[in-house]
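**Student:** Residue numbers 149 to 433, in the working numbering, belong to the letters of the sequence shown in order. Idealized CB from N, CA, C, for every residue including glycine. All figures in this text were calculated on a predicted structure; none of them were measured in a lab.
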Amino acid sequence: MPYDNAFVHPSASLAGRLANRIVSNRPLLRARRALLSRLPFLQLASDVENVVYCTWVVDVAAVATLVPRGVTLANRDGRTLFTTLTYAHRHFGPSIAGPLRRVFPSPLQSNWRLYLDALPGGTPVNGTVLFVKNVFDHPLYALGSRLFSDALPSHLAQRFTHTVQGDRYDTLLSGGGGSAPDLCCTAQVTEDRTLPDAFAPFFDGWREAVAFLSLQHAAIARVEDCGRLVYALIDLPINIDLVRPLQTTGPVGGGDFLARIGVTGEPFCFVVPKVAFRVLSERLL
Numbered sequence: 149m150p151y152d153n154a155f156v157h158p159s160a161s162l163a164g165r166l167a168n169r170i171v172s173n174r175p176l177l178r179a180r181r182a183l184l185s186r187l188p189f190l191q192l193a194s195d196v197e198n199v200v201y202c203t204w205v206v207d208v209a210a211v212a213t214l215v216p217r218g219v220t221l222a223n224r225d226g227r228t229l230f231t232t233l234t235y236a237h238r239h240f241g242p243s244i245a246g247p248l249r250r251v252f253p254s255p256l257q258s259n260w261r262l263y264l265d266a267l268p269g270g271t272p273v274n275g276t277v278l279f280v281k282n283v284f285d286h287p288l289y290a291l292g293s294r295l296f297s298d299a300l301p302s303h304l305a306q307r308f309t310h311t312v313q314g315d316r317y318d319t320l321l322s323g324g325g326g327s328a329p330d331l332c333c334t335a336q337v338t339e340d341r342t343l344p345d346a347f348a349p350f351f352d353g354w355r356e357a358v359a360f361l362s363l364q365h366a367a368i369a370r371v372e373d374c375g376r377l378v379y380a381l382i383d384l385p386i387n388i389d390l391v392r393p394l395q396t397t398g399p400v401g402g403g404d405f406l407a408r409i410g411v412t413g414e415p416f417c418f419v420v421p422k423v424a425f426r427v428l429s430e431r432l433l
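(1) Evaluate N282 with the Cβ neighbour count: other Cβ atoms within 10 Å of its Cβ, from every protein chain shown; 16 or more gives buried, anything less gives exposed.
(2) Take the Cβ of N223 as the centre, count every other Cβ of all protein chains shown within 10 Å, and call the residue buried at 16 or more, exposed below.
(3) Check whether the Cβ atoms of L278 and L264 sit closer than 7 Å, and answer yes or no.
(4) Take Y289 as the anchor and find which of C333, G241, A335 has the nearest alpha-carbon.
(5) For A266, which residues does DSSP report across the bridge?
(6) Do V196 and H237 come within 7 Å of each other at the CB atom, strictly closer than that value?
(7) Could you tell me which residues DSSP puts in a beta bridge with L381?
(8) Have a look at H157, E430, G353 and flag the residue whose alpha-carbon is nearest the alpha-carbon of H286.
(9) Using only the alpha-carbon positions, how far apart do S172 and D315 sit?
(10) Could you tell me the distance, in whole angstroms, from the CA atom of S362 to the CA atom of C417?
(11) Alpha carbon to alpha carbon, what distance is there between L190 and P388?
(12) Within this structure, are the beta carbons of Q336 and Q395 separated by less than 7 Å?
(13) Near T234, what residues of its chain come up, given a Cβ to Cβ distance below 6 Å and the 5 sequence neighbours on each side ignored?
(14) In this structure, does DSSP put S185 in helix, strand or coil?
(15) Measure from the alpha carbon of C332 to the alpha carbon of each residue in T232, I244, F351, F296, then state which is nearest.
(16) On the DSSP bridge list, what partners appear for L394?
(17) Among the candidates A369, L262, D373, whose CA atom is the shortest distance from the CA of E430?
(18) What does the alpha-carbon distance come out to for the pair A348 and D225?
(19) With DSSP run on the structure shown, which of helix, strand or coil describes G226?
(20) Quick check: the region 409 to 426 against the region 201 to 219, are there 3 or more CB pairs under 8 Å?
(21) Per DSSP, which residues does S194 bridge with? Please list them.
(22) Within its chain, find whatever has a CB closer than 8 Å to the CB of H365; leave out the 5 residues flanking it on each side and keep chain order.
(23) Got a sec, what are the start and stop residues for the beta strand (DSSP E) V312 sits in?
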């Protein structure tokens, strides 16, 4: 089945149908690119909290439709890594706003990604991921990122919670009638830093796995309406010493999307308590 990342609002109301038409309007997207390509990139900043990473080992063949032509995934013997990371922003807005950034909202976001070995043409990459899904709980950010950015193929969740109670992290993401994928996960902080057996072909230990999965400096995404790739530079200075291992305390649930790509079993989980996040640039390749 061809990969479809089109935006569908979770509400079938007039407002929802209007949002669908606006974010898929190709002349509007082309005009935005023509205008913004002539202006300096407006860097974005947020102080994100409670970043919960859940990673599975999946078959490369199962995610093949998600991967743009010419892009090579990091893999071992036909297996690769797929991660969801879910977190709370604190005042996500333009860096140039400085202290006035506090007036911007603090949405929840879930980013779903694969890890790359090479870009088209065989160019090797290090610390670069492929964004396949991005989900917000706030319509301003879901619609705004679709209209003003090519790097975030965003969706709006019908229901999205990401809460912390002591050492327990609860995440629930539901697309309802829209295009956002589903996910539910409850995980508890643990002191166990044992690397799951499935990850042994990729890493020598827990710390190496955490560093690879979290220390990223760039991302690409497929831009559906123009058939190109977008390349974004990000700054995510995570202190590995502060990362805490998590253990799921119940089944991790997902919907059709996770089932289609072969996500099964217990994920490898950890949490980054907080980190300053920056989007530095983006450009079409």
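**Tutor:** Judging by the given coordinates:
(1) The sequence position of residue 282 within the sequence shown is 134, counting from 1. N282 counts as buried, since no fewer than 16 other beta carbons sit within 10 angstroms of its beta carbon.
(2) Counted from its first residue, the sequence shown places residue 223 at position 75. That one is buried.
(3) Counting from one through the sequence shown, the residue named residue 278 turns up at place 130. Counting from one through the sequence shown, the residue named residue 264 turns up at place 116. Yes, Cβ-Cβ distance for L278 and L264 is below 7 Å.
(4) On the sequence shown, position 141 is the one that residue 289 refers to. For Y289, the nearest C-alpha among the options comes from G241.
(5) What you label residue 266 is simply residue 118 of the sequence shown in a count that begins at 1. A266 is bridged to T220, P272.
(6) Taking the sequence shown and counting its residues from 1, the one referred to as residue 237 is at position 89. Taking the sequence shown and counting its residues from 1, the one referred to as residue 196 is at position 48. Here H237 is near V196, since their CB atoms are less than 7 Å apart.
(7) By one-based count along the sequence shown, residue 381 stands at place 233. Its beta-bridge partners are A366, S429.
(8) Along the sequence shown, one-based indexing puts residue 286 at 138. Minimum Cα distance to H286 is reached at H157.
(9) As a working note, residue 172 is residue 24 in the sequence shown. As a working note, residue 315 is residue 167 in the sequence shown. The alpha-carbon separation between S172 and D315 amounts to approximately 41 Å.
(10) In the sequence shown, residue 362 corresponds to position 214, counting from 1. In the sequence shown, residue 417 corresponds to position 269, counting from 1. Each residue's Cα considered, the two are about 11 Å apart.
(11) Taking the sequence shown and counting its residues from 1, one reaches residue 388 at position 240. Taking the sequence shown and counting its residues from 1, one reaches residue 190 at position 42. Looking at the sequence shown, residue 388 is not Pro but Ile. Inter-residue distance for I388 and L190 is about 29 Å (C-alpha atoms, whole angstroms).
(12) Reading the sequence shown from its first residue, position 188 is the one you call residue 336. Reading the sequence shown from its first residue, position 247 is the one you call residue 395. Contact: yes.
(13) Residue numbering aside, residue 234 sits at position 86 when the sequence shown is read from its first letter. The residues V200, S258, H310, T319, in chain order, have a CB closer than 6 Å to that of T234 in the same chain once the five nearest residues on each side in sequence are set aside.
(14) As a position in the sequence shown, residue 185 is number 37, starting the count at 1. In this structure, S185 counts as coil in the three-state DSSP scheme.
(15) Position 184 of the sequence shown, counted from the start, is the residue given in the question as residue 332. Of the candidates T232, I244, F351, F296, the one whose C-alpha sits nearest the C-alpha of C332 is T232.
(16) The residue labelled residue 394 in the question sits at position 246 within the sequence shown. According to DSSP, which records beta bridges pairwise, L394 is partnered with V337, C417.
(17) Within the sequence shown, residue 430 is the residue found at index 282, counting from 1. Of the candidates A369, L262, D373, the one whose C-alpha sits nearest the C-alpha of E430 is A369.
(18) The residue given as residue 348 occupies position 200 in the sequence shown. The residue given as residue 225 occupies position 77 in the sequence shown. The alpha-carbon atoms of A348 and D225 are separated by roughly 12 Å.
(19) As a working note, residue 226 is residue 78 in the sequence shown. In this structure, G226 counts as coil in the three-state DSSP scheme.
(20) Three or more pairs of CB atoms, one per stretch, sit closer than 8 Å, so the region 409 to 426 contacts the region 201 to 219.
(21) Locating residue 194 in the sequence shown gives position 46, counting from the first residue. Beta-bridge pairing links S194 to F425.
(22) Here residue 365 refers to the residue found at position 217 of the sequence shown. Correct list, in chain order: G275, T276, L381, I382, D383, L384.
(23) Start at 1 with the first residue of the sequence shown, and residue 312 comes out as number 164. Boundaries of the beta strand (DSSP E) around V312: 307 to 313.
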